[in-house]
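Structure record follows, encoded as structure tokens.
2 protein chains.
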Amino acid sequence: MQAIMQNEELISLFRDNFPFWDELSQIEKETFINSSQYISFPKGTNIHNGNECTGIILIRKGSLRLYILSDEGKEITLYRLFPGEMCMLSASCVLNNITFDVFVDAEENSECIVVGGCAYAALAERNTAAKIFALETALSRFSDVMWVMQQILFMSMDKRLAIFLLDEVSKTGGDTVHLTHEQIAKYMGSAREVVTRMLKYFSSEGIVELSRGGIKLTDIKRLRSLAI
Amino acid sequence: MQAIMQNEELISLFRDNFPFWDELSQIEKETFINSSQYISFPKGTNIHNGNECTGIILIRKGSLRLYILSDEGKEITLYRLFPGEMCMLSASCVLNNITFDVFVDAEENSECIVVGGCAYAALAERNTAAKIFALETALSRFSDVMWVMQQILFMSMDKRLAIFLLDEVSKTGGDTVHLTHEQIAKYMGSAREVVTRMLKYFSSEGIVELSRGGIKLTDIKRLRSLAI
Numbered sequence: 001m002q003a004i005m006q007n008e009e010l011i012s013l014f015r016d017n018f019p020f021w022d023e024l025s026q027i028e029k030e031t032f033i034n035s036s037q038y039i040s041f042p043k044g045t046n047i048h049n050g051n052e053c054t055g056i057i058l059i060r061k062g063s064l065r066l067y068i069l070s071d072e073g074k075e076i077t078l079y080r081l082f083p084g085e086m087c088m089l090s091a092s093c094v095l096n097n098i099t100f101d102v103f104v105d106a107e108e109n110s111e112c113i114v115v116g117g118c119a120y121a122a123l124a125e126r127n128t129a130a131k132i133f134a135l136e137t138a139l140s141r142f143s144d145v146m147w148v149m150q151q152i153l154f155m156s157m158d159k160r161l162a163i164f165l166l167d168e169v170s171k172t173g174g175d176t177v178h179l180t181h182e183q184i185a186k187y188m189g190s191a192r193e194v195v196t197r198m199l200k201y202f203s204s205e206g207i208v209e210l211s212r213g214g215i216k217l218t219d220i221k222r223l224r225s226l227a228i
Numbered sequence: 001m002q003a004i005m006q007n008e009e010l011i012s013l014f015r016d017n018f019p020f021w022d023e024l025s026q027i028e029k030e031t032f033i034n035s036s037q038y039i040s041f042p043k044g045t046n047i048h049n050g051n052e053c054t055g056i057i058l059i060r061k062g063s064l065r066l067y068i069l070s071d072e073g074k075e076i077t078l079y080r081l082f083p084g085e086m087c088m089l090s091a092s093c094v095l096n097n098i099t100f101d102v103f104v105d106a107e108e109n110s111e112c113i114v115v116g117g118c119a120y121a122a123l124a125e126r127n128t129a130a131k132i133f134a135l136e137t138a139l140s141r142f143s144d145v146m147w148v149m150q151q152i153l154f155m156s157m158d159k160r161l162a163i164f165l166l167d168e169v170s171k172t173g174g175d176t177v178h179l180t181h182e183q184i185a186k187y188m189g190s191a192r193e194v195v196t197r198m199l200k201y202f203s204s205e206g207i208v209e210l211s212r213g214g215i216k217l218t219d220i221k222r223l224r225s226l227a228i
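Going down the list, the protein sequences come from chains A and B. Reading the first sequence from the start, the letters are residues 1 to 228 in the working numbering. Reading the second sequence from the start, the letters are residues 1 to 228 in the working numbering.
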């Protein structure tokens, strides 16, 4: 662990993020700390590349993007991680069952603590709370991923919402749609929750900007490519 | 538990399938058995419907198909389950983190043991081995699902393989492709593992029949629809 971060600060961070921290022995805590690295990633850095074991990434500042990649270089964003969140899918030696490749990039200048996967795996062998925590953290993203997949696979909501938003601004002029999510859902014959979630996804992709005043279309080109 | 199955047979089945069985107290074992049902599902029955808690389904005979369903009724098969395997994603009260809807149908006349989700969840609260088992079983399917999704999403392998197989029989005549998976992979610029896995998927969907002699195209219509 580099001296850039005080040990007390790190311990407090681990206590906040790992519910089993207080159960660990002094030696286990020290091993955990020694296997951890404080790393700054400039915007655009690829942090995790496929199925290697990078370790568990705790985000302190900035944001990371998880995605899958086709042979032809096509990317699909699965989700993003923000300060206080952690990436478990990058720790393949902790999760034997995960055999698919995900990629993780820093989307902004980011500061992270990376906990060594092997050290965590050894701990999880002895400590069931650590094992359960790793499994639950990984599994909790299964639903997020399925949601993105379903929306895209069934070619419905991303495309349909893109078409609706483009139609709407071409009718009203300007670049902002002044309708509530509820109203959009009604027009589209969908549910408000689905519209809200897809708008958040668009917003995280930089395609729209959400505010009280409405939905501002910030990347018309991208929206058009979705609407095709 | 119905009298149709002897208790000894059931206990031996549970011992084989749940690694924590011998750790349970007599009362816990009895609760587990009493919360279980032996059910025969005729071919075509819908067994699990979305996000309700059907319980953990242990397959004894037949086969089950897991799939997701769009609003418009489009289905995507995620994977199939055969005798000796179990379905954990149908037990949403055991897995709080799973919020997406999967559907399970009997593809053949099937015989299953359904372990009550609430009883299992209560056990998993006290017994960490039972909890870890449920999480690992669910997570182990995450990779299968991602594989199917990636193949379809990136519009590559299912479509490309369908086109290749159709081209091949139209060149050579007949309904069978006499090439090894290795050769097909070479022609397609792909990896043998990918070709083998996709052929197995086609085979499980009844689109092809795999044998030593080659790949018999058994559902040309379906193959054509994939190739479009």
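Even glycine gets a Cβ: it sits at the ideal position worked out from N, Cα and C.
Problem - Per-residue contacts from residue 132 of chain A into chain B (C-beta, under 9 Å) - result: What you label residue 132 of chain A is simply residue 132 of the first sequence in a count that begins at 1. 128, 131, 132, 135, listed in chain order.
Exercise for the section: Can you check the segment 183-207 of chain A for any alpha helix (DSSP H) of at least 4 residues that lies completely inside it and give the ranges in chain order? Expected result: Listed in chain order, the complete alpha helix (DSSP H) runs (minimum 4 residues) inside the segment 183-207 of chain A are 192-204.
Handout entry: Own chain residues within Cβ distance below 7 Å of residue 3 of chain B, not counting five before or after
Key = Along the second sequence, one-based indexing puts residue 3 of chain B at 3. For residue 3 of chain B, the pLDDT reaches just 49, beneath the cut-off of 50, and the residue's location in the model is therefore unreliable, although a value from the coordinates is still provided. The same chain holds no residue with a CB closer than 7 Å to that of residue 3 of chain B once the five nearest residues on each side in sequence are set aside.
Problem - Neighbourhood of residue 210 of chain A by C-beta, 7 Å cutoff - its chain only, sequence neighbours within 5 removed - result: Position 210 of the first sequence, counted from the first residue, corresponds to residue 210 of chain A. Same-chain partners within the cutoff: 199, 203.
Problem - Contact the segment 51-64 of chain B vs the segment 103-121 of chain B: 3+ CB pairs below 8 Å - result: Output reads yes: the segment 103-121 of chain B touches the segment 51-64 of chain B.
Handout entry: Among B:116, B:196, B:82, nearest to residue 94 of chain B - alpha-carbon criterion
Key = The count along the second sequence starts at 1 and reaches residue 94 of chain B at position 94. When each option's Cα is compared against that of residue 94 of chain B, the closest is B:116.
Practice task
Run down chain A in chain order and give the residues with a C-beta less than 9 Å from the C-beta of residue 147 of chain B.
Solution key: Position 147 of the second sequence, counting from 1, holds the residue named residue 147 of chain B. By Cβ distance, chain A contributes 99, 100.
Handout entry: Terminal residues of the beta strand (DSSP E) in which residue 37 of chain A lies
Key = In the first sequence, counting from the first residue as 1, residue 37 of chain A sits at position 37. That run of the beta strand (DSSP E) goes 36-41.
Practice task
Indicate whether at least one CB of chain B lies closer than 8 Å to the CB of residue 138 of chain A.
Solution key: Position 138 of the first sequence, counted from the first residue, corresponds to residue 138 of chain A. Yes, residue 138 of chain A counts as interfacial toward chain B.
Exercise for the section: Give a yes or no on whether the minimum CB-CB distance between residue 142 of chain B and chain A is below 8 Å. Expected result: Walking along the second sequence from the start, residue 142 of chain B turns up at place 142. Chain A, which has a Cβ nearer than 8 Å to the Cβ of residue 142 of chain B, makes this yes.
Exercise for the section: Go ahead and pull the three-state DSSP assignment for residue 158 of chain A. Expected result: Sequence index remark: in the first sequence, residue 158 of chain A carries index 158 (1-based). Helix, per DSSP.
Handout entry: Partner residues on chain A for residue 150 of chain B, Cβ-Cβ distance less than 8 Å
Key = As a working mapping, residue 150 of chain B is identified with position 150 in the second sequence. 68, 70, 100, listed in chain order.
Problem - Residue(s) in a DSSP beta bridge with residue 104 of chain A - result: Translated into positions along the first sequence, residue 104 of chain A becomes position 104. Beta-bridge pairing links residue 104 of chain A to A:48, A:66.
Exercise for the section: Please indicate yes or no: does the CB of residue 22 of chain B lie closer than 7 Å to some heavy atom of the ligand FMN? Expected result: No copy of the ligand FMN occurs in the structure displayed, which carries no ligand at all.
Practice task
Classify residue 212 of chain B as helix, strand or coil using the three-state DSSP reduction.
Solution key: As a first step, residue 212 of chain B must be located in the second sequence, where it is residue number 212. Correct three-state label for residue 212 of chain B: coil.
Handout entry: Sheet register partners of residue 176 of chain A (DSSP bridge)
Key = What you label residue 176 of chain A is simply residue 176 of the first sequence in a count that begins at 1. Answer is A:216, bridged to residue 176 of chain A.
Problem - Residue-level contact to chain A via CB, residue 95 of chain B, 8 Å cutoff - result: Along the second sequence, one-based indexing puts residue 95 of chain B at 95. So yes, residue 95 of chain B belongs to the interface.
Handout entry: residue 8 of chain A, enclosing alpha helix (DSSP H) - first and last residue
Key = Residue numbering aside, residue 8 of chain A sits at position 8 when the first sequence is read from its first letter. Secondary structure note for residue 8 of chain A: its alpha helix (DSSP H) is the uninterrupted segment 7-17.
Practice task
Starting from residue 136 of chain A, trace the alpha helix (DSSP H) both ways and give me its first and last residue.
Solution key: Numbered from its first residue, the first sequence carries residue 136 of chain A at position 136. That run of the alpha helix (DSSP H) goes 128-139.
Handout entry: Backbone CA spacing between residue 125 of chain A and residue 82 of chain B [nearest angstrom]
Key = The residue given as residue 125 of chain A occupies position 125 in the first sequence. The residue given as residue 82 of chain B occupies position 82 in the second sequence. In a straight line, the C-alpha of residue 125 of chain A is about 30 Å away from that of residue 82 of chain B.
Practice task
Excluding the 5 residues preceding and the 5 following residue 162 of chain A in the sequence, name in chain order all residues of the same chain whose CB lies nearer than 6 Å to its CB.
Solution key: One-based indexing of the first sequence puts residue 162 of chain A at position 162. Result list for residue 162 of chain A: 223, 226, 227, in chain order.
Problem - Host beta strand (DSSP E) of residue 112 of chain B (start-end) - result: Start at 1 with the first residue of the second sequence, and residue 112 of chain B comes out as number 112. The continuous beta strand (DSSP E) containing residue 112 of chain B extends over residues 110-115.
Exercise for the section: Answer yes or no: does any C-beta atom of chain C fall closer than 8 Å to that of residue 210 of chain B? Expected result: Note that chain C does not occur in the displayed structure, where the protein chains are A and B.
Exercise for the section: Would you decide whether residue 27 of chain A is buried or exposed? Buried here means 16 or more other CB atoms lie within 10 Å of its CB. Expected result: Translated into positions along the first sequence, residue 27 of chain A becomes position 27. It counts as exposed.
Handout entry: Segment contact, 8 Å Cβ cut-off, at least three pairs: the segment 87-101 of chain B with the segment 119-138 of chain B
Key = Yes, the segment 87-101 of chain B touches the segment 119-138 of chain B.
Practice task
Alpha carbon to alpha carbon, how far is residue 174 of chain A from residue 142 of chain B? Give it in angstroms, no decimals.
Solution key: By one-based count along the second sequence, residue 142 of chain B stands at place 142. By one-based count along the first sequence, residue 174 of chain A stands at place 174. Taking the straight line joining both Cα atoms gives about 43 Å.
Handout entry: Presumed contact (8 Å Cβ cut-off) between residue 123 of chain A and residue 102 of chain A, rounded CB distance
Key = For this step, residue 123 of chain A is matched to residue 123 along the first sequence. For this step, residue 102 of chain A is matched to residue 102 along the first sequence. 23 Å between Cβ atoms; not a contact.
Practice task
Report all residues from its chain with a CB closer than 8 Å to the CB of residue 129 of chain B; omit the five preceding and five following residues, and keep chain order.
Solution key: The residue labelled residue 129 of chain B in the question sits at position 129 within the second sequence. When the five nearest sequence neighbours on each side are left out, the beta carbons in the same chain lying within less than 8 Å of the beta carbon of residue 129 of chain B are those of 19, 20, 23, in order along the chain.
Problem - residue 78 of chain A, enclosing beta strand (DSSP E) - first and last residue - result: Against the first sequence, residue 78 of chain A aligns to sequence position 78. Counting along the chain, the beta strand (DSSP E) containing residue 78 of chain A begins and ends at 75-81.
Practice task
Report yes if the CB atom of residue 33 of chain A is closer than 8 Å to the CB atom of residue 7 of chain A, and no otherwise.
Solution key: Your numbering for residue 33 of chain A matches position 33 in the first sequence. Your numbering for residue 7 of chain A matches position 7 in the first sequence. Going by C-beta atoms, residue 33 of chain A is nearer than 8 Å to residue 7 of chain A.
Problem - Backbone secondary structure at residue 163 of chain B - three-state DSSP - result: Sequence index remark: in the second sequence, residue 163 of chain B carries index 163 (1-based). Note: residue 163 of chain B maps to helix in three-state DSSP.
Practice task
State the beta-bridge partners of residue 149 of chain A as determined by DSSP.
Solution key: As a first step, residue 149 of chain A is located in the first sequence; it is residue number 149 there, counting from the start. Per DSSP, none; premise fails for residue 149 of chain A.
Problem - Span of the beta strand (DSSP E), counted from its first residue to its last, around residue 228 of chain B - result: Looking up residue 228 of chain B in the second sequence gives position 228. Here residue 228 of chain B belongs to no beta strand (DSSP E), and DSSP marks it neither H nor E.
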